[in-house]
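As they're listed, the protein sequences go chains A and B.
Residue numbers for the first sequence follow my numbering, so the first one is 1 and each next one is one higher.
Residue numbers for the second sequence follow my numbering, so the first one is 451 and each next one is one higher.
A virtual CB, placed ideally from N, CA and C, is assigned to each residue, including glycine.
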Amino acid sequence: MFDNLSEKLQRVFKNMRGEGRLSAANMEDALREIRVALLEADVHFRVVKQLLENVKQKAMGEEVLTSLTPTQQVIAIVKDELVKILGSHESKPRFANEPPSVYLIVGLQGSGKTTSTAKLARWLSKNGHRPTMVSVDVYRPAAREQLRILAREVDVPIYTGAENETKPIDLARSARRETVQSGRDVLLVDTAGRLHIDDELMTELKQLKELLNPVEILFVADAMTGQDAVRSADEFHKALGITGCILTKMDGDARGGAALSIRHITGQPLKFVGVGEKTTAFETFYPERAAQRILGMGDVLSFIEKAQEAFDSKEQEKMQQKLLDNEFSLEDFRDQIRSIRKLGPLESLLGMMPDMGIMKELKNVKVDEKEINRIVAIIDSMTRKERVNHMLINGSRRRRIARGSGTSVQDVNQLLKQYTQARKMMKSFSGGMLSGALGKKLGKMKLPVF
Amino acid sequence: MIQTLFGSVEQEPTLLEKLKAGIEKTRTGLVRGIEDAVAGGRRIDADVLEELEYTLLSADIGVATTNEILNLIRDRAERHQLSDSSELRGLIKTHLLEVLQAAERPMPRVAEAPAVVMVVGVNGAGKTTTIGKLAHRYQSEGRSVLLCAADTFRAAAIEQLEVWGQRTRTEVIRQKPGADPSAVIFDSLQAARARKIDYVVIDTAGRLQTKDNLMAELAKMKRTASRVVEGAPHEVLLVLDGTTGQNGLEQARKFTETAGVTGIVLTKLDGTAKGGVVVPIVRELGLPIRYVGVGEQLDDLLPFEPERFIESLFA
Numbered sequence: 001m002f003d004n005l006s007e008k009l010q011r012v013f014k015n016m017r018g019e020g021r022l023s024a025a026n027m028e029d030a031l032r033e034i035r036v037a038l039l040e041a042d043v044h045f046r047v048v049k050q051l052l053e054n055v056k057q058k059a060m061g062e063e064v065l066t067s068l069t070p071t072q073q074v075i076a077i078v079k080d081e082l083v084k085i086l087g088s089h090e091s092k093p094r095f096a097n098e099p100p101s102v103y104l105i106v107g108l109q110g111s112g113k114t115t116s117t118a119k120l121a122r123w124l125s126k127n128g129h130r131p132t133m134v135s136v137d138v139y140r141p142a143a144r145e146q147l148r149i150l151a152r153e154v155d156v157p158i159y160t161g162a163e164n165e166t167k168p169i170d171l172a173r174s175a176r177r178e179t180v181q182s183g184r185d186v187l188l189v190d191t192a193g194r195l196h197i198d199d200e201l202m203t204e205l206k207q208l209k210e211l212l213n214p215v216e217i218l219f220v221a222d223a224m225t226g227q228d229a230v231r232s233a234d235e236f237h238k239a240l241g242i243t244g245c246i247l248t249k250m251d252g253d254a255r256g257g258a259a260l261s262i263r264h265i266t267g268q269p270l271k272f273v274g275v276g277e278k279t280t281a282f283e284t285f286y287p288e289r290a291a292q293r294i295l296g297m298g299d300v301l302s303f304i305e306k307a308q309e310a311f312d313s314k315e316q317e318k319m320q321q322k323l324l325d326n327e328f329s330l331e332d333f334r335d336q337i338r339s340i341r342k343l344g345p346l347e348s349l350l351g352m353m354p355d356m357g358i359m360k361e362l363k364n365v366k367v368d369e370k371e372i373n374r375i376v377a378i379i380d381s382m383t384r385k386e387r388v389n390h391m392l393i394n395g396s397r398r399r400r401i402a403r404g405s406g407t408s409v410q411d412v413n414q415l416l417k418q419y420t421q422a423r424k425m426m427k428s429f430s431g432g433m434l435s436g437a438l439g440k441k442l443g444k445m446k447l448p449v450f
Numbered sequence: 451m452i453q454t455l456f457g458s459v460e461q462e463p464t465l466l467e468k469l470k471a472g473i474e475k476t477r478t479g480l481v482r483g484i485e486d487a488v489a490g491g492r493r494i495d496a497d498v499l500e501e502l503e504y505t506l507l508s509a510d511i512g513v514a515t516t517n518e519i520l521n522l523i524r525d526r527a528e529r530h531q532l533s534d535s536s537e538l539r540g541l542i543k544t545h546l547l548e549v550l551q552a553a554e555r556p557m558p559r560v561a562e563a564p565a566v567v568m569v570v571g572v573n574g575a576g577k578t579t580t581i582g583k584l585a586h587r588y589q590s591e592g593r594s595v596l597l598c599a600a601d602t603f604r605a606a607a608i609e610q611l612e613v614w615g616q617r618t619r620t621e622v623i624r625q626k627p628g629a630d631p632s633a634v635i636f637d638s639l640q641a642a643r644a645r646k647i648d649y650v651v652i653d654t655a656g657r658l659q660t661k662d663n664l665m666a667e668l669a670k671m672k673r674t675a676s677r678v679v680e681g682a683p684h685e686v687l688l689v690l691d692g693t694t695g696q697n698g699l700e701q702a703r704k705f706t707e708t709a710g711v712t713g714i715v716l717t718k719l720d721g722t723a724k725g726g727v728v729v730p731i732v733r734e735l736g737l738p739i740r741y742v743g744v745g746e747q748l749d750d751l752l753p754f755e756p757e758r759f760i761e762s763l764f765a
């Protein structure tokens, strides 16, 4: 992985804590480190240059606050500048005054248009719309078939075209008619991937635009794109006037500096990010988070939000109380695992943690998802009575549970042992430290148990 | 001469023209940049170096390699071994050539068919298209080919491969979507052995290098292949999107670590992206670049030759 920018800056500023001012001299090395970090994150060279100018001007002469380290101060300035380019707030999709709103999805080959189209359709239907889709990619083998399968998965209707419809324009025209007739309000048009220098295919897009009068033309860009992002985004924008961008494959470890370049060159907002292969892995774009990511600061906000989504706060309070009262049953234990599961794969959660200090250690923890699956299977194989009172589980019950969960009696034994140990530990906590003020405080924190 | 897993084949001259045409667009950017930097025998000053830096960085060559080249130039200039900027091109060319040549490696020889080629990479890099072209290439060398649809995950991936199978008149061994990829590999290799097929090309699902479980799956697929055919897969080709930035290095590292990549296919060089990230990749991992993809037609896959590649960049 990349070295972390804040670590590097800490080295640069190590003798400067809480004294003096940021000056041209002591900023020199810091700016060099920032430059390398941004370039390694694939931010375009020219964008980097301008950004550094701004940072320099802002930082110079600023007093180093005693409350902050120079590193924190400089990073805050850089982050603010990044956010300034990325846009200060999230940008919502637009809709036509008179339905249907047509969205044209465009981009280079392999950027993730078809997957994004299906994800966006799902997102729209979850947000109160009635979308429909059409693929006008008549070039890539099985592209239309791919969208058809995805349409079934996200449960959104798709116009698949008549036998004799083999031209993008014809497909688009019929799809729009169909959308109006079926009373749907948004039509997503998945187009073929193309190079921005392919005049013939770019002309085709212009024709589609003319025919459909789309309210959104979304440019789909791969987060891993390098310096060429500026060029392709610019050409698409010049030809079509894009209205926004979807950044894909953000679940990898690419820093996504291309986002900055695209936004800078087109002036159009980033609207969505793709964060996984599942059709649910789709989120609105938050400039603040993207800036943190480019700087290698992790995505703490996303993490917190996801956690809040998954944990019903009342549930949590009840759980904490149970813990304190030593009534934490195997059933509660399973519910806890399930809520954490809702957050997504544990490794992707850990991946959202920032790259610093203790968190860094955490990031390298390998979570054995299979082990967790096994635990859930074992608990699922118990009867409700057994889950509420684990003392019931004798030898013959253990054998049955093992058979039911496809595990061995040893596995069941081990789980029960872990569970009783955990309970004992909690009991000693609740009897001692946790009963006082600290216990109340923890009870209010609504944190998952493990 | 083109190297293949069974030895060398005479190369048709048209390919060279194709290579040139394909890289032409890539070329113009870098060449123009460097020509601007070296125009009129300017003295090597800060401006020249900055232009040069810009040119190298915007080709995605990366900060480390760019700095290395700039330092080399500064060093030479200080020692008065470089009088003016017109000598820069030769110096950079030689340097990049050294890097790329150091990683050249002949393809492994396969004594007994089938030769098994596994194709891996992140999502959307161009694996399936590359496989279609590879099948065509092997066939034009007079070899029989069988395609293995081990991407059982992505919607319509199997259908996509089947279309390429029809185009190249190549049989595709497949199972249902969602099937165990290793099982498809097992079937394919058995079929290839029984039918005395020369080449089996395995299509795998795209995966980001950060997904440990999916990466582990690749290792399992490799083990399965080696159980049916000794030494298989003989080649593991990493398909790298030519527009990829510095993340390409991380891709190459992780795929090499878990899937034992033996060579790189650099795709989408018919656009304006330069694919420069292969330079740090080759430098760090010593992986040879086997082919470049320069279009969507069957014969748009060309053998990579360092001299020609760099020469085309600086011609």
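Cβ atoms of V513 of chain B and L597 of chain B stay farther apart than 8 Å, at about 40 Å. Contact between A258 of chain A and V83 of chain A fails: their C-beta atoms lie close to 17 Å from each other, not under 8 Å. Under the three-state reduction of DSSP, Y103 of chain A is assigned to strand.
Interface with chain B (8 Å Cβ-Cβ cutoff): L150 of chain A is included. In this structure the segment 610–629 of chain B does not lie against the segment 715–735 of chain B, because fewer than three pairs of beta carbons, one per stretch, are closer than 8 Å.
The beta-carbon of E145 of chain A is placed less than 8 Å from the nearest beta-carbon of chain B. Of all alpha-carbon atoms in A:K209, A:M224, A:S182, the one lying nearest the alpha-carbon of G241 of chain A is that of A:K209.
For L658 of chain B, a Cβ of chain A is located within less than 8 Å of the residue's own Cβ.
Neighbourhood of D234 of chain A in chain B, by CB distance below 9 Å: empty, with the nearest CB roughly 10 Å away. If the five residues before and after Q551 of chain B are omitted, its C-beta is found closer than 6 Å to the C-beta atoms of P756, all from its own chain and listed in chain order. Three or more Cβ pairs closer than 8 Å define a contact, and the segment 87–100 of chain A falls short of that threshold against the segment 162–175 of chain A.
When Cβ-Cβ separations below 8 Å define contact, V650 of chain B makes no contact with chain A. For I217 of chain A, the three-state secondary structure derived from DSSP is strand.
Contact annotation for A290 of chain A against chain B: no contact, minimum CB-CB distance about 15 Å [criterion: below 9 Å]. D653 of chain B sits away from R593 of chain B, with the two beta carbons spaced by 8 Å or more. For T248 of chain A, the enclosing beta strand (DSSP E) has its first and last residue at 244–248.
The continuous alpha helix (DSSP H) containing M27 of chain A extends over residues 24–40.
Taking 7 Å as the cut-off between beta carbons, the residues of the segment 695–718 of chain B near chain A are G695, Q696, N697, E700, K718, in sequence order. DSSP lists no bridge partner for G226 of chain A. Below 8 Å, too few C-beta pairs join the segment 711–720 of chain B and the segment 672–682 of chain B to call them touching: fewer than three.
Taking 7 Å as the upper bound on Cβ-Cβ separation, chain A lies near residues E609, Q610, V613, W614 of the segment 609–621 of chain B. For R643 of chain B, the enclosing alpha helix (DSSP H) starts and ends at 631–644. Cβ contact annotation for Q72 of chain A (same chain, cutoff 6 Å, sequence separation greater than five): none.
L195 of chain A: not part of any beta strand (DSSP E); DSSP gives it neither H nor E. Going by C-alpha positions, M133 of chain A is about 21 Å away from L201 of chain A.
Shown here, T717 of chain B sits in a strand according to DSSP, grouped into three states. The residue among B:P730, B:F759, B:L751, B:A629 with its C-alpha nearest the C-alpha of G582 of chain B is B:L751. Cα atoms of D198 of chain A and I372 of chain A: separation of roughly 50 Å, rounded to the nearest angstrom. DSSP, reduced to helix, strand and coil, places F759 of chain B within a helical segment of the structure shown. At a cut-off of 8 Å, the C-beta of V36 of chain A has a neighbouring C-beta in chain B. Excluding five sequence positions before and after K704 of chain B, the CB atoms of its chain that fall closer than 8 Å to its own CB belong to Q659, T660, M665, given in chain order. Proximity of G628 of chain B to chain A, defined by a Cβ-Cβ separation below 8 Å, is not satisfied. Closest option to D497 of chain B, judged by alpha-carbon separation, among B:M557, B:R524, B:R643, B:L737: B:R524. Identification of residues in the segment 197–228 of chain A having a C-beta nearer than 7 Å to some C-beta of chain B yields I197, D222, M224, T225, G226, Q227, D228, given in sequence order. The beta-carbon separation of G112 of chain A and V215 of chain A, rounded to 21 Å, does not stay under the 8 Å limit for a contact. Contact between the segment 223–233 of chain A and the segment 262–271 of chain A is established, with three or more Cβ pairs separated by less than 8 Å.
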